[in-house]
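**Student:** FYI, the numbering for the sequence shown is 317 to 543, going by this note's numbering. In this text, a Cβ means the ideal position worked out from N, Cα and C, and glycines have one as well. Below is a structure I'd like to ask you about.
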Amino acid sequence: MNQTNYALDADNRFVIDQYNDLSPFASFLPGIAGTLGRPAWVFYVNRGQGIASFGVRNKDGAFLEFFPADKAYQLTPSRGFRTFLKITDGDQTLTHEPFQRGAGPEVKQRLYVTPHEVGVEEVNPPLGVNIRADMFTLPEAPVAGLVRRITVTNTSAQAKKIEIVDGLPQVLPYGMNQWNLKFMSRTSEAFMRVEGVEENLPFYRLKVWPTDSPQVEPVIACNSPVF
317 MNQTNYALDA
327 DNRFVIDQYN
337 DLSPFASFLP
347 GIAGTLGRPA
357 WVFYVNRGQG
367 IASFGVRNKD
377 GAFLEFFPAD
387 KAYQLTPSRG
397 FRTFLKITDG
407 DQTLTHEPFQ
417 RGAGPEVKQR
427 LYVTPHEVGV
437 EEVNPPLGVN
447 IRADMFTLPE
457 APVAGLVRRI
467 TVTNTSAQAK
477 KIEIVDGLPQ
487 VLPYGMNQWN
497 LKFMSRTSEA
507 FMRVEGVEEN
517 LPFYRLKVWP
527 TDSPQVEPVI
537 ACNSPVF
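Right, dumping it as structure tokens:
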């Protein structure tokens, strides 16, 4: 472990340089939403784009599936948030996925941690771009949420055309719990539905609670990404 990789910056953020290559660690953002807000929990690790899982109430209320730390270190780069860039510079077109291991020694990857926020940044001189992702919970709001802000900066002297695909490879509908995910994940797919797609406001939920009971109880609440 190189102590020079760890520092406090001018904004009092804890900064970890080349975080993907250092010893793994895990933590939670505080589930505080203010007196009028609804809290969300966020589990993060120093791999990929940081966010390993998040949701409401507990592990049974996850929007992104919860894994213990040892598995989160392995799975976050592939099953957490991912960003794909297609960069056109003149006649040359390149593709790149930031925040992954193996980017090269000239590429700087940093993780930022504050008491209320976690973020990652990649400074990529060969591509001439900087990309940053900041994540924090939604305070003083009637719904629990995770806010994610992506910033891409062209650091070269030439204009570039940049196309971006960004998001999660998989999300969980409201009503899924840890037991269903671990032991009945395939069967539970029959209960899943997405509403509001035509209005560009998708709502993910189970149709009914998947309980072994003669009573059919509909699921009223939902999980939803907002763009």
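Please classify threonine 411: is it buried, with 16 or more other beta-carbons within 10 angstroms of its beta-carbon, or exposed?
**Tutor:** When all chains shown are included, threonine 411 counts as exposed.
**Student:** Can you name the residues that DSSP bridges to lysine 402?
**Tutor:** Answer is Thr411 and Glu479, bridged to lysine 402.
**Student:** Secondary structure at aspartate 386, three-state DSSP: helix, strand or coil?
**Tutor:** Reduced to three states, the DSSP call for aspartate 386 is helix.
**Student:** Would you say proline 441 and glutamine 416 are within 8 Å of each other, going by their C-beta atoms?
**Tutor:** No, Cβ-Cβ distance for proline 441 and glutamine 416 is not below 8 Å.
**Student:** Do leucine 484 and leucine 380 have their C-beta atoms closer together than 8 Å?
**Tutor:** The answer is yes: Cβ separation under 8 Å.
**Student:** Can you name, in chain order, every residue of its own chain whose Cβ lies under 7 Å from the Cβ of glycine 377, other than the five neighbours on each side?
**Tutor:** Contacts found: Gly371.
**Student:** Between Pro518, Asp528, Thr527 and Thr404, which lies nearest to cysteine 538 when the distance is taken from Cα to Cα?
**Tutor:** Per the Cα distances, Pro518.
**Student:** Taking just the CA atoms, how far does glutamate 413 sit from proline 340?
**Tutor:** Each residue's alpha carbon lies about 21 Å from the other.
**Student:** Counting along the chain, where does the alpha helix (DSSP H) carrying lysine 523 start and finish?
**Tutor:** Where lysine 523 is concerned, there is no enclosing alpha helix (DSSP H), given that its DSSP letter is neither H nor E.
**Student:** Check whether the region 491 to 501 touches the region 470 to 480, taking contact to mean three or more Cβ pairs, one atom from each stretch, closer than 8 Å.
**Tutor:** Short answer: they don't touch.
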